[in-house]
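*Asks:*
Number of protein chains: 6
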Amino acid sequence: MLLMSGLHRKGIYPGTFDPVTYGHIDLIRRALRVFDEVIVAVADSGSEKKPLFSIQARVGLLKKATAGLKGVSVESFEGLVVEYARKKKADAMIRGVRMISDFEYEFQMALTNRKLAGDIETIFLMPHESYAYLSSRLIKEIARLGGNISSFAPPFVVKALTRKLKS
Amino acid sequence: MLLMSGLHRKGIYPGTFDPVTYGHIDLIRRALRVFDEVIVAVADSGSEKKPLFSIQARVGLLKKATAGLKGVSVESFEGLVVEYARKKKADAMIRGVRMISDFEYEFQMALTNRKLAGDIETIFLMPHESYAYLSSRLIKEIARLGGNISSFAPPFVVKALTRKLKS
Amino acid sequence: MLLMSGLHRKGIYPGTFDPVTYGHIDLIRRALRVFDEVIVAVADSGSEKKPLFSIQARVGLLKKATAGLKGVSVESFEGLVVEYARKKKADAMIRGVRMISDFEYEFQMALTNRKLAGDIETIFLMPHESYAYLSSRLIKEIARLGGNISSFAPPFVVKALTRKLKS
Amino acid sequence: MLLMSGLHRKGIYPGTFDPVTYGHIDLIRRALRVFDEVIVAVADSGSEKKPLFSIQARVGLLKKATAGLKGVSVESFEGLVVEYARKKKADAMIRGVRMISDFEYEFQMALTNRKLAGDIETIFLMPHESYAYLSSRLIKEIARLGGNISSFAPPFVVKALTRKLKS
Amino acid sequence: MLLMSGLHRKGIYPGTFDPVTYGHIDLIRRALRVFDEVIVAVADSGSEKKPLFSIQARVGLLKKATAGLKGVSVESFEGLVVEYARKKKADAMIRGVRMISDFEYEFQMALTNRKLAGDIETIFLMPHESYAYLSSRLIKEIARLGGNISSFAPPFVVKALTRKLKS
Amino acid sequence: MLLMSGLHRKGIYPGTFDPVTYGHIDLIRRALRVFDEVIVAVADSGSEKKPLFSIQARVGLLKKATAGLKGVSVESFEGLVVEYARKKKADAMIRGVRMISDFEYEFQMALTNRKLAGDIETIFLMPHESYAYLSSRLIKEIARLGGNISSFAPPFVVKALTRKLKS
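Protein chains in written order, with our numbering: chain A, 1314 to 1480; chain B, 1314 to 1480; chain C, 1314 to 1480; chain D, 1314 to 1480; chain E, 1314 to 1480; chain F, 1314 to 1480.
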């Protein structure tokens, strides 16, 4: 059988990743079914929300979490995500949709980004149903209240989060 | 500059397309940004809904509507779409999401299809905002009531629909 | 105090009204706070849904239900509602929004109508909270199953519905 | 330790169950955590939708599916569910909520039932996340198209459905 | 007639209750139709939101508001609600659902809690339709702007809130 | 042709307008199709959110943006909007609905306002589809990240925002 080759497709998966969860990792794996290369772009998020982890720590945890995945790179960025996507010559931005209210926000973002950069498509992927409710915010809240988060994120993330919350 | 090559990615865009609208065509164009090949798969839909146009007519209108688009083919299929996607060795199924209630249904379909065929991803694309409200059902209803649908579908579709409704 | 006069504003309230409920009447009263004249436009609805009551019966029940309301007229229409609204020189179409899924459908209709007739605005009003769940379809279903619908529609509508379902 | 006794609580779980799925069975198990007795009430549904299975067949499949569950009985009913719930002296009606659009409909039903019978509460339970997308309608559609439904319903339901669709 | 006895069912109704509204009281009454005992569990909520009233004040207002209701107790708790529910040997957690966006959040919480403690069911109840829009946040906002909140909460809550906002 | 005169209808369009966008201006134009007079009421919003622009600046930008529109006035207000609407003898409050989650919040506000002032109706209008995603919050975020917002707001607003963010 002849294996046809196609264009090299590059997807960018932007987010705060504060910290990375099993839901994010699941989505990156799914994105690799469609893209030859997936750039996980970690937003510095200086303005609005204050991340718990530093940008370096968030990039570090993501690199560890995606170490075995071929075609994935992790980078931090500042400014508008569409500008970054353009600079990286990405074909599309990848976003996960978990629940309806999620989708509302994602829809708004995607329409705005399209207005700002019409050449970059946004594609939506659905995480595995067992991660449908998962969010970085949620696992931080559970960890703060002393709950067990080992089924929500890799062991080294759990450890980093526990250490962080103690400090 | 060196142009890297990647895997040949095949997406399948299933639907009833009764008949094709500008919204569908917009979505196919967007899909071509991510996939090297897009198979538009027209469902026979024997069981539940009764299409206005025959499967041959719907395939014919779609072929005409996508004539200029490289990498697009139009085919009809019977049975489960995931089985067809597997047979075609597609990497992913493509679905458009217009509004919330749409997404609900799409979400349910995608989760079910994932259960039936875990190896085929579903990706969601957003049509252009001016097609956000468009549906085949809607333009048939407007045409039936004597309204002008020329901004919703290509001229040859408008003509076919007008002829059909007179018969 | 000087009473200023303004433009004569005409609103059109289209629907199937099969049959009129307390929810519809509540909405007409609210519309009169904004419009000098409200035309209740009863759709013949030949194509898709088959109304239980004839167009004459539906117009008759509505006329009885709005008998005491100054500025309200009841008419039947065929074809596209925007065409009818234009013919009547209406400033706006009035629609009630009860629940979210309702709004989805209403949103789609309003955007389509705007495309078909950009000069006619659609305005949305909220019925009283005790009619938030009410629909003609629902009271027909309850009546069919032998339930008491006297708190959902005027006595003469209840009587007409009971008679109709027996026949 | 002393085991306190409480009031005997009776819940009624109404539906069409055409046919019973793993989602329904999961919900009945959950209801037993709150109610001492759960009556599964199978609606005859004469008026609107035409069930695929006869009322006898649907009751039979449910009885088989709940055979091992103490406190569960299966019955058919006609007319308004609130009337039936009252006759059975039920404390509450049980409904499963899967997705948003589901909830919309359920909300409307619950508000209407409360108006018809203010003494009977409606409580909502959430099925297991792997049944979040499951519906009787969906598995019938998949079965019709030749798909494998063995992970959606018990073996004897799969068999009955296959036999039914062949006839 | 013989009165059957059943298992003693204990429900836990967690929240911030800052302060208690007529909506909360309505929900507690409804919960008593299903549970023999309802524990109103007031979250200390140290981390995220800063309540207006102290935990003692919130518990005090709730005790006054539920004084006449047999089977109701009010307690404060810290940490994860599922841990508290387990310690109290509750059969289920009770949550009210008012509107769609509410339900989204509740759904996410319930799925997470189920993952953390699979043995504790979450049940949803619907408040009376006239409390469908009510929230503690809303009445605090109205009170701050000088509005009359006497139809939203008991007189002693109104008084406490007025006093608090003046200080 | 005789031009009939009607009652002078006054609508109030409340908001924070921080700053005014093309979406707001579009809505004001639409409101003028139904109302003889539209009062744009700028909320001081002392309590909860901290506006970027002072109340004077926001009123100033709005006045400039609506300079050419006959029947429009811009004012600031404090306290409850319904009280202000009453004082102004407005017939209705005008709100724009963009997306579903929007509508949820709007619905809650409208029901609460109705409870506080049953004589003032809330009417909902839909902005043009190209402003469906637009919000003051969004354009501030884009401007902060260095994005081009010239298609979202008039040039003098863009200039004011750029100057403000530099300071």
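Don't be surprised by glycine CBs; every beta carbon is placed ideally from N, CA and C.
What's the gap between the Cα of residue 1436 of chain E and the Cα of residue 1403 of chain A?
*Replies:* Within the fifth sequence, the letter at position 123 stands for residue 1436 of chain E. Within the first sequence, the letter at position 90 stands for residue 1403 of chain A. Residue 1436 of chain E and residue 1403 of chain A have their C-alpha atoms spaced approximately 45 Å apart.
*Asks:* Report all residues from its chain with a CB closer than 8 Å to the CB of residue 1394 of chain C; omit the five preceding and five following residues, and keep chain order.
*Replies:* Position 81 of the third sequence holds residue 1394 of chain C. So the qualifying residues of the chain are 1325, 1327, 1354, 1356, 1406, 1426.
*Asks:* Going by C-alpha to C-alpha distance, which of A:1331, A:1421, A:1319, A:1387 sits closest to residue 1478 of chain A?
*Replies:* As a working note, residue 1478 of chain A is residue 165 in the first sequence. Among A:1331, A:1421, A:1319, A:1387, the Cα nearest to that of residue 1478 of chain A is on A:1331.
*Asks:* Against residue 1362 of chain D, what residues of chain C qualify as contacts under a CB-to-CB distance less than 7 Å, listed in chain order?
*Replies:* Locating residue 1362 of chain D in the fourth sequence gives position 49, counting from the first residue. Per Cβ cutoff of 7 Å: no residues; residue 1362 of chain D is ~11 Å from chain C at best.
*Asks:* For residue 1453 of chain B, count the other beta carbons within 10 Å of its own beta carbon; 16 or more makes it buried, fewer makes it exposed. Which is it?
*Replies:* Within the second sequence, the letter at position 140 stands for residue 1453 of chain B. It is buried - the Cβ of residue 1453 of chain B has at least 16 other Cβ atoms within 10 Å.
*Asks:* Can you list, in chain order, the residues of its chain whose CB lies under 6 Å from that of residue 1387 of chain B, leaving out five sequence neighbours each side?
*Replies:* On the second sequence, position 74 is the one that residue 1387 of chain B refers to. Cβ within range, chain order: 1353, 1372, 1375, 1376.
*Asks:* Comparing the C-beta of residue 1400 of chain C with each C-beta of chain B, is any distance below 8 Å?
*Replies:* Your numbering for residue 1400 of chain C matches position 87 in the third sequence. By this cut-off, residue 1400 of chain C is not an interface position.
*Asks:* Between the beta-carbon of residue 1341 of chain C and the beta-carbon of residue 1398 of chain C, is there less than 8 Å?
*Replies:* By 1-based counting over the third sequence, the position of residue 1341 of chain C is 28. By 1-based counting over the third sequence, the position of residue 1398 of chain C is 85. Contact: no.
*Asks:* Count the other CB atoms, across all protein chains shown, that sit within 10 Å of the CB of residue 1317 of chain F; report buried if there are 16 or more and exposed otherwise.
*Replies:* Residue mapping note: residue 1317 of chain F aligns to position 4 of the sixth sequence, counting from 1. When all chains shown are included, residue 1317 of chain F counts as exposed.
*Asks:* If we define contact as Cβ-Cβ less than 8 Å, is residue 1446 of chain A a contact residue for chain E?
*Replies:* Counting from one through the first sequence, the residue named residue 1446 of chain A turns up at place 133. It does: the Cβ of residue 1446 of chain A has a partner Cβ on chain E nearer than 8 Å.
*Asks:* What does residue 1392 of chain E reach in chain A if we use C-beta pairs closer than 9 Å?
*Replies:* To locate residue 1392 of chain E, count along the fifth sequence from 1; it is residue 79. Those within 9 Å of residue 1392 of chain E in chain A are 1458, 1459, 1460.
*Asks:* If you follow the beta strand (DSSP E) that residue 1323 of chain A is in, where does it begin and where does it stop?
*Replies:* Your numbering for residue 1323 of chain A matches position 10 in the first sequence. Counting along the chain, the beta strand (DSSP E) containing residue 1323 of chain A begins and ends at 1323–1328.
*Asks:* So that I know if they touch, is there some Cβ in chain B lying closer than 8 Å to that of residue 1464 of chain F?
*Replies:* As a position in the sixth sequence, residue 1464 of chain F is number 151, starting the count at 1. Taking Cβ atoms only, chain B never reaches closer than 8 Å to residue 1464 of chain F, which makes this a no.
*Asks:* In the DSSP output, which residue or residues are listed as bridge partners for residue 1354 of chain C?
*Replies:* Position 41 of the third sequence, counting from 1, holds the residue named residue 1354 of chain C. DSSP, once it has assigned bridges, lists C:1327, C:1388 as partnering residue 1354 of chain C.
*Asks:* Quick one: using the 10 Å Cβ neighbour count with 16 as the cut-off for buried, is residue 1418 of chain E buried or exposed?
*Replies:* The sequence position of residue 1418 of chain E within the fifth sequence is 105, counting from 1. With fewer than 16 other Cβ atoms within 10 Å, it is exposed.
*Asks:* Looking only at DSSP bridge pairs, what is residue 1320 of chain F linked to?
*Replies:* The sequence position of residue 1320 of chain F within the sixth sequence is 7, counting from 1. C:1318, per the DSSP bridge assignment.
*Asks:* Starting from the Cα of residue 1410 of chain A, find the closest Cα among B:1335, B:1430, B:1439, B:1469 and give me that residue.
*Replies:* Within the first sequence, residue 1410 of chain A is the residue found at index 97, counting from 1. Out of B:1335, B:1430, B:1439, B:1469, B:1439 has the C-alpha closest to the C-alpha of residue 1410 of chain A.
*Asks:* Is the beta carbon of residue 1474 of chain A closer than 8 Å to that of residue 1336 of chain A?
*Replies:* Taking the first sequence and counting its residues from 1, the one referred to as residue 1336 of chain A is at position 23. Taking the first sequence and counting its residues from 1, the one referred to as residue 1474 of chain A is at position 161. No; because the gap between Cβ atoms is not below 8 Å, this pair is not in contact.
*Asks:* Just the Cα atoms here: how many angstroms apart are residue 1472 of chain F and residue 1370 of chain F?
*Replies:* In the sixth sequence, counting from the first residue as 1, residue 1472 of chain F sits at position 159. In the sixth sequence, counting from the first residue as 1, residue 1370 of chain F sits at position 57. Near 13 Å, if we compare the C-alpha coordinates of residue 1370 of chain F and residue 1472 of chain F.
*Asks:* Is the beta carbon of residue 1339 of chain C closer than 8 Å to that of residue 1444 of chain C?
*Replies:* Residue numbering aside, residue 1444 of chain C sits at position 131 when the third sequence is read from its first letter. Residue numbering aside, residue 1339 of chain C sits at position 26 when the third sequence is read from its first letter. A contact, by the Cβ cut-off of 8 Å.
*Asks:* Mind checking the region 1422–1446 of chain E against chain A and listing, in chain order, the residues whose C-beta falls within less than 7 Å of any C-beta there?
*Replies:* 1424, 1425, 1428, 1429
*Asks:* Assuming residue 1435 of chain D is part of the beta strand (DSSP E), what are its boundary residues?
*Replies:* Locating residue 1435 of chain D in the fourth sequence gives position 122, where the first residue counts as 1. Looking at the DSSP string, the run of the beta strand (DSSP E) that includes residue 1435 of chain D is 1434–1438.
*Asks:* Give a yes or no on whether the minimum CB-CB distance between residue 1314 of chain A and chain F is below 8 Å.
*Replies:* In the first sequence, the residue the question calls residue 1314 of chain A occupies position 1. In this prediction, residue 1314 of chain A has a pLDDT of 43, which is less than 50 and means its spatial position is unreliable; what the coordinates show is noted afterwards. Output row for residue 1314 of chain A: interface = no.
*Asks:* Contact check, residue 1347 of chain F vs residue 1347 of chain C under 8 Å by CB: the rounded distance?
*Replies:* On the sixth sequence, position 34 is the one that residue 1347 of chain F refers to. On the third sequence, position 34 is the one that residue 1347 of chain C refers to. With 8 Å as the limit, residue 1347 of chain F and residue 1347 of chain C qualify as a contact, their Cβ atoms being about 6 Å apart.
*Asks:* When the cut-off is 8 Å and only beta carbons count, does residue 1451 of chain A lie next to chain E?
*Replies:* Taking the first sequence and counting its residues from 1, the one referred to as residue 1451 of chain A is at position 138. Yes, its Cβ sits closer than 8 Å to a Cβ of chain E.
*Asks:* Should residue 1364 of chain E go down as buried or exposed, given a rule of 16 or more other Cβ atoms within 10 Å for buried?
*Replies:* For the purposes of this step, residue 1364 of chain E is identified with residue 51 of the fifth sequence, where counting begins at 1. Residue burial is scored here from C-beta neighbours: residue 1364 of chain E has at least 16 other C-beta atoms within 10 angstroms and is therefore classed as buried.
*Asks:* Per DSSP, what kind of secondary structure is residue 1398 of chain C in: helix, strand or coil?
*Replies:* For the purposes of this step, residue 1398 of chain C is taken as the residue at position 85 of the third sequence. In the three-state scheme derived from DSSP, where H, G and I count as helix and E and B as strand, residue 1398 of chain C is classed as helix.
*Asks:* In this structure, what does DSSP give as the bridge partners for residue 1406 of chain F?
*Replies:* In the sixth sequence, counting from the first residue as 1, residue 1406 of chain F sits at position 93. Paired residue(s): F:1325, F:1435.
*Asks:* What residues in its chain sit with their C-beta under 6 Å from that of residue 1429 of chain E, if we drop five residues either side in the sequence?
*Replies:* Along the fifth sequence, read from residue 1 onward, the residue named residue 1429 of chain E stands at position 116. 1395, listed in sequence order.
*Asks:* Looking only at its own chain, which residues have a Cβ that is under 8 Å from the Cβ of residue 1390 of chain B, when we skip the five neighbours before and after it?
*Replies:* The sequence position of residue 1390 of chain B within the second sequence is 77, counting from 1. These residues qualify, in order along the chain: 1327, 1354, 1355, 1356, 1357, 1397.
*Asks:* So what's residue 1461 of chain E in DSSP terms, helix, strand or just coil?
*Replies:* Translated into the one-based positions of the fifth sequence, residue 1461 of chain E becomes position 148. Coil.
*Asks:* Just tell me which of B:1423, B:1384, B:1457, B:1422 has its CA closest to the CA of residue 1480 of chain B.
*Replies:* Residue numbering aside, residue 1480 of chain B sits at position 167 when the second sequence is read from its first letter. Ranking the options by Cα distance to residue 1480 of chain B, first place goes to B:1457.
*Asks:* Output the distance between the C-alpha atoms of residue 1450 of chain A and residue 1382 of chain E, rounded to the nearest integer angstrom.
*Replies:* Here residue 1450 of chain A corresponds to residue number 137 of the first sequence, with the count starting at 1. Here residue 1382 of chain E corresponds to residue number 69 of the fifth sequence, with the count starting at 1. Distance between the alpha carbons of residue 1450 of chain A and residue 1382 of chain E is about 37 Å.
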